[in-house]
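The block underneath contains the structure these notes are about, expressed in structure tokens.
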Amino acid sequence: MELTGAEIVCESLLKEGANIVFGLPGGAVLPLYGALSSYPDIRHILVRHEQAAAMAADGFARATGKVGVCVATSGPGATNLVTGIAAAQMDSVPMVAITGQVPRAAIGRDAFQETDVTGVTLPITKHNMLVMDVKDVAQAIHDAFHIARTGRPGPVLVDIPRDVLLGEKTEYIWPTETKLPGYRIPGEAPDSQVAAAAELINKAERPIIISGHGVLISHAYGLMTELAEKAQIPVITTLLGISSIPSNHELNLGMSGMHGMAYANLAIDEADLIIGLGMRFDDRVTGRISDFAPNAKIVHVDIDASEVDKNVKTTVGLVGDLKAVLGQMLPKIEANVHIDWLRHIDEMKAQHPSHLVRKSDELLPQYVLQRLTEVTQGRGIVVTGVGQHQMWAAQHCRFTEPNTFITSGGLGTMGFEVPAALGAQLGCPDSVVWSVCGDGGFQMTMCDIATAVESGADVKFAILNNTSLGMVHQLQDIFFEKDFVASEYTANPDFVKIAEAYGIRGIRVTRNDEVVDAVQQAMETAGPVIVDFMVKQDEIVFPFIPSGQSVKEMLEEPAPTETV
Amino acid sequence: MGQNNRAEQHTLIALVEDKPGVLTRVASMFRRRGFNIASLAVGNSEQAGLSRMTFVVNGDDYTVSQVAKQLDKLIDVIEVADITNEPIVTRELALIKVKTTQITRGEIIQIVNLFRANIIDVSSESMVIEITGEQEKTNALYGLLSPFGIIEMHRTGVVAMVRGRANGHHNGHS
Ligand SMILES: Cc1ncc(C[n+]2csc(CCOP(=O)(O)OP(=O)(O)O)c2C)c(N)n1
Ligand SMILES: [Mg+2]
Chain Y
12 MELTGAEIVC ESLLKEGANI VFGLPGGAVL PLYGALSSYP DIRHILVRHE QAAAMAADGF
72 ARATGKVGVC VATSGPGATN LVTGIAAAQM DSVPMVAITG QVPRAAIGRD AFQETDVTGV
132 TLPITKHNML VMDVKDVAQA IHDAFHIART GRPGPVLVDI PRDVLLGEKT EYIWPTETKL
192 PGYRIPGEAP DSQVAAAAEL INKAERPIII SGHGVLISHA YGLMTELAEK AQIPVITTLL
252 GISSIPSNHE LNLGMSGMHG MAYANLAIDE ADLIIGLGMR FDDRVTGRIS DFAPNAKIVH
312 VDIDASEVDK NVKTTVGLVG DLKAVLGQML PKIEANVHID WLRHIDEMKA QHPSHLVRKS
372 DELLPQYVLQ RLTEVTQGRG IVVTGVGQHQ MWAAQHCRFT EPNTFITSGG LGTMGFEVPA
432 ALGAQLGCPD SVVWSVCGDG GFQMTMCDIA TAVESGADVK FAILNNTSLG MVHQLQDIFF
492 EKDFVASEYT ANPDFVKIAE AYGIRGIRVT RNDEVVDAVQ QAMETAGPVI VDFMVKQDEI
552 VFPFIPSGQS VKEMLEEPAP TETV
Chain R
68 MGQNNRAEQH TLIALVEDKP GVLTRVASMF RRRGFNIASL AVGNSEQAGL SRMTFVVNGD
128 DYTVSQVAKQ LDKLIDVIEV ADITNEPIVT RELALIKVKT TQITRGEIIQ IVNLFRANII
188 DVSSESMVIE ITGEQEKTNA LYGLLSPFGI IEMHRTGVVA MVRGRANGHH NGHS
């Protein structure tokens, strides 16, 4: 069958199982839209800003594990994707971005809306390509999906000139193989190394597992939990590893790092073995590297060889797919109890109860999240923006199922909360999706509330409205002598009216006793709802290990006398 | 990391796909990760569609192993090997244009002959010398010619190859 490049893109999307794409058209990519109308099995979600297309594809991908697809036109359309692509790259999210490009003859002549997007996105994609021949389109899309979803996932951008999309036709043959001689996907790790790691684990007296995003990506949460239970090893999660073990699991110590639980950080400090699984010893996790886990040997398992020994020197570094490696390792792990170690950690938890929320007459953001997660019973999906509310969500929201906490970790992208939540909801239509928003981040992408409404994405937006760029405010409070320059909003819009303007329900909450009712009402209302929680402005996220410091410099809130 | 390692020069060889943009990808990776290339040479390999790159990289063992892993991570890079500690031959070609006068010409020719270099262009005031060899040899010739006045020098960067062996494959990061 002879098809145009645009038709081949659509056929290929279907072959790859991509039934939903997020995008916004423009001249160079219009031929693709022309073909889309003949492919009713591909649902196109029209966004208001391409940034939302990339972030919605990201949220969709994180929630479903499938490749998220976004589409934009050349020039400004493509550059508007950039922040979303960079976020996906930092957090290893499978994404394919398809961009229109100016016609081949115009490339390199600074044509109207010409941007070298393969150049622009080179350092923020796992791979990218410019397809200069219609005969290469099918292979390019096939390779792009393969690269995006396998190994350590990541975004792949495919740039296609307009006249390749809509010019001569070519025979459409779905490639059966990838053409990627330089691309290998690690599977199992060498047995001898697995044995060495198992021996370290069996001998450890104070072991800790740090469970990262890789545990979720590799679907290794079952095996990871099995390992933890078999040898009674406490589990700490990174920010992106949060839903890899149920919050109420007795071995789960929660998140560590800059705003992690004090007892989790103290446990790392005392541990004699750190087992890092699918994580990358990022600086928010380690603090000052030289003081990180000073008493511990390190076992590190990651699918990306370049992560092993990058930030910390490992005792045993294993390169492989986590699920495969844990499968190799588990039979070699001896049952253990670690009674003294677990008891000691319990004591630290009692002395440093950073998971508790103090009682207050003012509406505290932590309190809102505690009540919210109580009402949802830790079910459904929580998406966040970036800032204080994100850290409080990481600390106080409860999770029961894997892949249900979605947040921009590596890039820390404000504005993620709106589009990523709508993408996650469209990917998991049966899940209740709560978007925990900052008033700052929400205003970066709130134009795409319209997209949520149009597409029927039933997202409940909870704005933790501290009328400020709270995280910045906090840093100024502590490090810049309370010089709150450029961090307080004095004229935020009325978010209830914003909701109404978009034709959805808005609820304002100013008092503690209104919280539960508002959450319940939001969940009982069909369709998107915006709840504007007017929280205390100058609340600080504790614990706090300032950037580049260690657990010894950790700032803690005094243990509350009265808790909620 | 790596504080205890010696800073030194490593020679890495990469087999890469001969596609537009590969050099940019490699160069961009070096730049954004703060790695330092002392020399880089690229050319066709014995396999159609594949090029070979030789890198001379300054750095300690930690840095160089990161360079190798990051290179290998690039999709268009097929294999990478750090051949520093293997028996290798290395060559570089350089063109050196040096000032000459009636008086100095004879002496320069003597030096050139001593190095088994070639004179490939002569004018009344200058001479172009071609030299092939290990980098040190070029450095030495350059040193001896400097007093006469070097007008221009152009070096290709080092290419390297492991000696012997029936198959050409390396056992590094591949
Ligand atoms: C796009 C972007 N710009 C700037 C920042 C720096 N930044 C980090 S947190 C933060 C404040 C976020 O404010 P808000 O969304 O209201 O959340 P809050 O901290 O108040 O909960 C800022 C400005 C960022 N992370 N992302
Ligand atoms: Mg705020």
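Same order as they appear, the protein sequences are chains Y and R.
Heads up: the first sequence begins at 12 in the numbering used here, then just goes up one per residue.
Heads up: the second sequence begins at 68 in the numbering used here, then just goes up one per residue.
Every residue gets a Cβ at the ideal spot worked out from N, C-alpha and C, and that includes glycine.
1. If you compare alpha carbons, which of Phe491(Y), Pro192(Y), Thr249(Y), Asn306(Y) is closest to Asp294(Y)?
2. When the Cα atoms are used, what is the spatial distance from His230(Y) to Asp332(Y)?
3. Do Gly449(Y) and ligand 2 come close, with the Cβ less than 6 Å from some heavy atom?
4. Compare the C-alpha of Ala27(Y) against each of Ala116(Y), Phe123(Y), Thr189(Y), Arg120(Y) and name the closest.
5. How would you write the range of the beta strand (DSSP E) that Ala161(R) sits in, first residue to last?
6. Using a Cβ-Cβ distance under 7 Å, would His138(Y) count as near chain R?
7. Can you tell me where the alpha helix (DSSP H) holding Pro172(Y) begins and where it ends?
8. The beta strand (DSSP E) that contains Ile187(R), what's its start and end?
9. Ala463(Y): which of Gln487(Y), Glu428(Y), Asn477(Y), Asp450(Y) sits nearest, CA to CA?
10. The alpha helix (DSSP H) that contains Phe555(Y), what's its start and end?
11. Beta-carbon within less than 7 Å of Thr205(R)'s beta-carbon, same chain only, minus the 5 sequence neighbours each way: which residues are those?
12. Would DSSP call Leu288(Y) helix, strand or coil?
13. Please list the partners that Glu84(R) has in chain Y, where partner means a Cβ-to-Cβ separation under 8 Å.
14. Using the Cβ count rule (16 or more neighbours within 10 Å means buried), how would you classify Thr572(Y)?
15. Could you check the C-alpha separation between Ile47(Y) and Ile19(Y) for me, to the nearest Å?
16. Using a Cβ-based criterion (distance less than 6 Å to any ligand heavy atom), does Gly481(Y) qualify as near ligand 2?
17. Is the closest heavy atom of ligand 1 to the C-beta of Asn477(Y) under 6 Å?
18. Touching or not, the region 197-209 of chain Y and the region 295-308 of chain Y, by the rule of three or more beta carbon pairs under 8 Å?
19. Quick check: what's the CA-CA separation for Asp143(R) versus Ala155(Y)?
20. Would Ala74(Y) and Phe33(Y) qualify as a contact pair, given that the criterion is a beta-carbon distance under 7 Å?
21. Return the CA-CA distance between Ala97(Y) and Ile247(Y), expressed in angstroms with no decimal places.
22. Is the CB of Ile551(Y) under 7 Å away from at least one CB in chain R?
23. Output yes or no for whether 7 Å exceeds the beta carbon distance between Ala17(Y) and Val78(Y).
24. Just mark Val447(Y) as buried or exposed, buried being the case when its beta carbon has 16 or more other beta carbons within 10 Å.
25. Return the first residue and the last residue of the alpha helix (DSSP H) that Phe215(R) is part of.
26. Name the chain R residues whose beta carbon is nearer than 8 Å to that of Ser317(Y)?
27. Any beta carbon of chain Y sitting closer than 7 Å to that of Asn71(R)?
28. Return the chain-ordered list of same chain residues with a C-beta closer than 8 Å to the C-beta of Lys508(Y), the five sequence neighbours on each side being excluded.
29. Nearer than 6 Å: is that true of the beta carbon of Gln399(Y) relative to any heavy atom of ligand 4?
30. Select from Met140(Y), Cys81(Y), Gly95(Y), Pro413(Y) the residue whose C-alpha is nearest the C-alpha of Thr91(R).
31. Give the DSSP bridge partners of Lys308(Y), in chain order.
32. In terms of alpha-carbon separation, which member of Val131(Y), Glu179(Y), Arg120(Y) lies closest to Val148(Y)?
33. Which residue marks the beginning of the beta strand (DSSP E) containing Leu475(Y), and which one marks its end?
34. Quick check for students: name the residue ranges of the alpha helix (DSSP H) that lie wholly in the region 24-107 of chain Y, counting only runs of 4 or more.
35. Around the Cβ of Ala502(Y), are there at least 16 other Cβ atoms within 10 angstroms (buried) or fewer (exposed)?
36. Check whether the Cβ of Gly421(Y) sits closer than 6 Å to any heavy atom of ligand 1, and report yes or no.
Put simply:
1. Thr249(Y)
2. 10 Å
3. yes
4. The residue you asked about is not Ala; residue 27(Y) is Glu in the sequence shown. When each option's Cα is compared against that of Glu27(Y), the closest is Thr189(Y).
5. 155-166
6. yes
7. Looking at the DSSP string, Pro172(Y) is not in any alpha helix (DSSP H); the run it does join, the beta strand (DSSP E), is 166-172.
8. 185-189
9. Glu428(Y)
10. Per DSSP, Phe555(Y) belongs to no alpha helix (DSSP H) and is neither H nor E.
11. Glu159, Ala161, Ile198, Arg222
12. strand
13. Pro192, Gly193
14. exposed
15. The question names Ile, but residue 47(Y) is Leu in the sequence shown. When rounded, the distance between both Cα atoms is 11 Å.
16. yes
17. yes
18. no
19. 13 Å
20. no
21. 26 Å
22. no
23. no
24. buried
25. Premise fails: Phe215(R) is in no alpha helix (DSSP H) and is neither H nor E.
26. Gln133, Lys136, Gln137, Asp139, Lys140
27. The pLDDT assigned to Asn71(R) is 42, lower than 50, so where the model puts this residue is not dependable; a value taken from the coordinates is nonetheless given after this. By this cut-off, Asn71(R) is not an interface position.
28. Gly517
29. For ligand 4, the structure offers nothing, since it holds only ligand 1 and ligand 2.
30. Met140(Y)
31. Leu284(Y)
32. Glu179(Y)
33. 470-476
34. 41-47, 61-75, 87-101
35. exposed
36. no
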